[in-house]
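>
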Amino acid sequence: MFEGMTEAAAREQILASVREYTVAYKMPKKWAPGERIGYAGRVFDDDEVCSLVDSSLDFWLTAGRYTEEFEQEFGRYLGVPFVAVTNSGSSANLLAFSALTAQELGERAIKPGDEVITVAAGFPTTVAPIIQFGAVPVFVDVTIPQYNIDVTMLEGAFSERTKAVMVAHTLGNPFDVRAVKEFCDRHGLWLVEDTCDALGSDIRKGDSMRKAGTIGDIGTASFYPAHHMTMGEGGAVFTSDPLLSRLIRSFRDWGRDCVCTGGQDNRCGHRFDGQYGELPYGYDHKYVYSHFGYNLKITDMQAAIGCAQLRKLPRFVEARRRNWRMLRELLADCSDKLILPEPLEGSDPSWFGFVLTCAEGIHAADVTRRVEGLGVQTRRLFAGNLVRHPCFDPIRGSDAYRVIGELAETDRIMNDTFWLGVYPGMDEDMIAYMADAVRKAVS
Numbered sequence: 000m001f002e003g004m005t006e007a008a009a010r011e012q013i014l015a016s017v018r019e020y021t022v023a024y025k026m027p028k029k030w031a032p033g034e035r036i037g038y039a040g041r042v043f044d045d046d047e048v049c050s051l052v053d054s055s056l057d058f059w060l061t062a063g064r065y066t067e068e069f070e071q072e073f074g075r076y077l078g079v080p081f082v083a084v085t086n087s088g089s090s091a092n093l094l095a096f097s098a099l100t101a102q103e104l105g106e107r108a109i110k111p112g113d114e115v116i117t118v119a120a121g122f123p124t125t126v127a128p129i130i131q132f133g134a135v136p137v138f139v140d141v142t143i144p145q146y147n148i149d150v151t152m153l154e155g156a157f158s159e160r161t162k163a164v165m166v167a168h169t170l171g172n173p174f175d176v177r178a179v180k181e182f183c184d185r186h187g188l189w190l191v192e193d194t195c196d197a198l199g200s201d202i203r204k205g206d207s208m209r210k211a212g213t214i215g216d217i218g219t220a221s222f223y224p225a226h227h228m229t230m231g232e233g234g235a236v237f238t239s240d241p242l243l244s245r246l247i248r249s250f251r252d253w254g255r256d257c258v259c260t261g262g263q264d265n266r267c268g269h270r271f272d273g274q275y276g277e278l279p280y281g282y283d284h285k286y287v288y289s290h291f292g293y294n295l296k297i298t299d300m301q302a303a304i305g306c307a308q309l310r311k312l313p314r315f316v317e318a319r320r321r322n323w324r325m326l327r328e329l330l331a332d333c334s335d336k337l338i339l340p341e342p343l344e345g346s347d348p349s350w351f352g353f354v355l356t357c358a359e360g361i362h363a364a365d366v367t368r369r370v371e372g373l374g375v376q377t378r379r380l381f382a383g384n385l386v387r388h389p390c391f392d393p394i395r396g397s398d399a400y401r402v403i404g405e406l407a408e409t410d411r412i413m414n415d416t417f418w419l420g421v422y423p424g425m426d427e428d429m430i431a432y433m434a435d436a437v438r439k440a441v442s
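The sequence shown: position 215 = 214 (numbering that gives the first Met the number 0), numbered continuously.
#1: Kindly list the residues whose CB is nearer than 8 Å to the CB of Tyr400, restricted to its own chain and excluding five residues on each side of it in sequence; keep chain order.
#2: Over what stretch of residues does the beta strand (DSSP E) that includes Thr66 continue unbroken?
#3: Should Gly383 go down as buried or exposed, given a rule of 16 or more other Cβ atoms within 10 Å for buried?
#4: Name the residue from Glu72, Val82, Phe381 and Val141 whose alpha carbon lies nearest to the alpha carbon of Ser249.
#5: How many Å lie between Val150 and Ile36 at the Cα?
#6: Could you please give the first and the last residue of the uninterrupted alpha helix (DSSP H) stretch that includes Arg314?
#7: If you run the structure through DSSP and keep just helix, strand and coil, what is Ser512?
#8: Out of Tyr275, Lys336 and Gly233, point me to the one whose CA is closest to Glu70's CA.
#9: Have a look at Val42, Leu51 and Lys162 and flag the residue whose alpha-carbon is nearest the alpha-carbon of Glu106.
#10: If I'm right that Pro173 touches Ser346 with Cβ under 8 Å, what's the distance once you round it to whole angstroms?
#11: Classify Asn265 as helix, strand or coil using the three-state DSSP reduction.
#12: From Tyr65, Glu34, Asp57 and Ser16, pick the residue whose C-alpha is nearest to that of Leu309; which is it?
#13: What separation, rounded to the nearest whole angstrom, lies between the Cα atoms of Pro348 and Arg203?
#14: Put Thr100 into one of helix, strand or coil per three-state DSSP.
#15: Which residues in the same chain as Pro313 place their Cβ atom closer than 8 Å to its Cβ, once the five residues preceding and following it in sequence are excluded?
#16: Mind checking Lys296: buried by the 16 CB within 10 Å criterion, or exposed?
#17: With the cut-off set at 8 Å, would you say Val115 and Ala302 are in Cβ contact?
#18: Please determine, among Arg177, Ile412 and Ala407, the residue with the shortest C-alpha to C-alpha distance to His362.
#19: At the level of alpha carbons, what is the spacing between Arg10 and Asp299?
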């Protein structure tokens, strides 16, 4: 088949066939009434499939040329100089927190027993690294209808052991990062922004708009199929701080001291002339370990998909905004039965979902059962109240965590809140059907 062809020509022929196959067999069909509407889904075309196959033909498998391209282009999109891709958003949170425990940070390093302010109304892997390390999460309440950290509770949560604030932007709606950053700066705290559900959200800071995740010290992202863009599994950690960037990469890459990429040797020019710890002088720098790290890298095939998805991300974000606005308009007449969501003032969210809280006398379990019965998928707001889950049973009542106040709004979210999807694969007919299903369910 390829006799007499150069490798480049053969590859071009293969990719042309892949493109034809994808267009013929893998493109999504238009939704028809009676079909189930999911809360999320992959949105892709022949670009992603061709990138995946192109990477597979290299058979490099681990991080390579596509990974480097993605890190550079993603950093350019966010406006930050340092990006490290990883195998999931949960790993991104683990790496962000781990970097803040490094001895290179001196007195600012988080140590076991130190406190990190966060919220219980969210996804558990924003909190899990804190507890797993032996630090103490300090839970404050959130507000409705923004579903983000109540910044008025920050001072009451602060103690002499507080070292950081680590919270997520909920369902695309940014938390009041300006107020949180001011609090952190005043007390010398780290700020980690989990943007796994808010990639592309814009926040006004001064005279300009900044991407969510770029105002704090470290930001994280997820590329799970349900999220704003996908690699299948994947995530990223990003920062403007060169020391934090080096620490993040070390923890991601086994904890090693060397910054060489896979297949690269002696980038620093001093591979065999350093003194590290109690090792003999000149010990191979590629096998010097400064931290107890992990292997949380991605494959180049994942990054290849990510490169194609990243080019589509701006229009994905606009589609999510359009779908959210349409739902908001269609459900405006339900405001006596449902609390409708509100964006942070001065922000333009990249919405992950459309979140609703039932008014008094309306039961969320009944509403979601009816909506699901009409063929529309719903989701609860993740953990609802994380401290009420079985994972807290072994430490319940101990000093392994602190709760500030009653977490009344967090409990209300646990009992009364659910959300619908607004992903870019939805069209106006699907949005209208979803709104009608909700209206029927609460009437």
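All C-beta atoms in this analysis are idealised placements derived from N, C-alpha and C, irrespective of residue type, glycine included. If you're wondering where the values come from, they're calculated on a predicted model, not measured in any experiment.
If we stick to the structure as given:
#1: If we look at Tyr400 and ignore the five residues flanking it on each side, its Cβ neighbours are Ile130, Val135, Pro136, Val137, Phe138, Val386, Phe391 and Ile394.
#2: Judged by DSSP secondary structure, Thr66 falls outside any beta strand (DSSP E) and instead within the alpha helix (DSSP H) spanning Arg64 to Leu77.
#3: buried
#4: Val82
#5: Annotation: Val150 to Ile36 spans about 36 Å, alpha carbon to alpha carbon.
#6: Asp299 to Leu329
#7: Given a span of 0 to 442 for the chain in the structure shown, any question on residue 512 remains unanswerable.
#8: The shortest C-alpha separation from Glu70 is found at Gly233.
#9: Answer by Cα proximity: Lys162.
#10: 5 Å
#11: coil
#12: Nearest to Leu309 by alpha-carbon distance, out of Tyr65, Glu34, Asp57 and Ser16, is Tyr65.
#13: 11 Å
#14: coil
#15: Gly199
#16: So Lys296 counts as buried.
#17: no
#18: Ile412
#19: Taking the straight line from one Cα to the other gives about 17 Å.
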